[in-house]
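A.B. asks: Residue numbers for the sequence shown follow the working numbering, so the first one is 273 and each next one is one higher.
Backbone N, C-alpha and C define an ideal beta-carbon position, used for all residues, glycine too.
Bear in mind that the values here come from a model prediction, so they are computed numbers and not experimental data.
First, the structure itself, so that you have it in front of you.
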Amino acid sequence: MKFRFDPNQDYQLEAIRSVADVFDGQPRQTGGLRFIPGTINITAAAPNRLDLGEADLLANLQAVQQGNRITPDSELKLIEEPIETVEGEKTARFMNFSVEMETGTGKTYVYLRTALELNKAYGMRKFIIVVPSVAIREGVLKTLQVTEDHLKRLYGNPVYNYQVYDSANLSQVRQFAMSDAVEVMVMTIDSFNKTANVLRRSTDRLQGETPIHLLQAARPILILDEPQNMESEKSIGALALLDPLFALRYSATHRNPYNLVY
273 MKFRFDPNQD YQLEAIRSVA DVFDGQPRQT GGLRFIPGTI NITAAAPNRL DLGEADLLAN
333 LQAVQQGNRI TPDSELKLIE EPIETVEGEK TARFMNFSVE METGTGKTYV YLRTALELNK
393 AYGMRKFIIV VPSVAIREGV LKTLQVTEDH LKRLYGNPVY NYQVYDSANL SQVRQFAMSD
453 AVEVMVMTID SFNKTANVLR RSTDRLQGET PIHLLQAARP ILILDEPQNM ESEKSIGALA
513 LLDPLFALRY SATHRNPYNL VY
């Protein structure tokens with residue numbers, strides 16, 4: 273038995289469109305590799321890219337908010353944190369956009385479709401779904417499994433890979449960074465919020481590379497599931513360590529609704 277999904281729920285389409293419209297005017301990225309100096313060798317990555325300036329993004333955000341009867345924000349809500357990269361210390365600086373959806377309205381389905389919509393419209397292809405617990409991680413994985421055929425048909429059968437981060441299988445981190453396909457990785461916040469985490473240590477399993485540096489090179493888009501559980505100083509620092517392009521925040525109970533779009 274297979275689930276059948278209705279792709280035409282208006283409120284879901286509006287949530288997807290609201291996020292995509294924030295980036296209206298962004299040229300579509302066609303792929304390509306970026307070479308960065310690694311600890312031992314040269315690492316290739318197919319990173320996300322954002323060419324729009326902050327003024328254009330703010331104007332788009334305000335237009336989306338007005339269309340959704342949300343009081344327009346006067347500025348973009350950014351997170352700025354110092355981080356360590358393969359090239360030394362830098363300041364991670366990334367925008368956050370929030371979607372409020374009640375429990376049971378298809379939040380996970382919506383953000384998975386949003387990722388594929390961003391790929392279709394703008395060529396964005398590296399997504400990390402960050403969850404606060406193993407239970408939610410397993411729920412996201414199940415949704416990825418049962419929607420896979422449906423979403424591939426809906427978006428013209430893109431090359432679309434997903435995986436749960438496993439510290440015992442670091443080759444998946446290299447695949448995520450180097451692949452030119454749509455890549456979705458699901459991670460718990462606890463898997464990378466401590467200095468002792470495997471992700472933050474160089475390893476012979478990656479020829480001396482530090483896994484977090486490979487993820488940074490991809491400039492991932494973060495999808496935060498229940499972000500109100502990731503508001504501590506340690507959690508914010510961990511999210512910044514991924515050096516994301518931007519973050520999308522999905523919850524029914526936002527504690528801090530950064531730039532609410534829907």
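(1) To the nearest angstrom, how far is the alpha carbon of residue 485 from that of residue 515?
(2) To the nearest angstrom, report how far apart residue 396 and residue 493 are at their CA atoms.
(3) Straight-line CA distance for residue 377 to residue 471?
(4) Let me check understanding here. Comparing Cα to Cα, which of 469, 495 and 487 lies closest to residue 448?
(5) What span of residues does the beta strand (DSSP E) with residue 295 cover, start to end?
(6) From the DSSP secondary-structure annotation, give me the bridge partner or partners of residue 351.
(7) If you compare alpha carbons, which of 348, 476, 460 and 469 is closest to residue 405?
(8) Would you mind listing the beta strand (DSSP E) stretches within the stretch 418-450 that are 3+ residues and don't spill past its ends, in chain order?
(9) Which residue wins for smallest C-alpha separation from residue 439, given the options 421, 462 and 430?
(10) Based on DSSP bridge pairs, tell me the residues matched to residue 336.
(11) Please confirm whether residue 368 and residue 530 have their CB atoms less than 8 Å apart.
C.D. replies: So, from the listed chains and residues:
(1) 9 Å
(2) 8 Å
(3) 33 Å
(4) 487
(5) It is not in any beta strand (DSSP E) - residue 295 carries neither H nor E in the DSSP assignment.
(6) 366
(7) 460
(8) 432-436
(9) 462
(10) Per DSSP, none; premise fails for residue 336.
(11) yes
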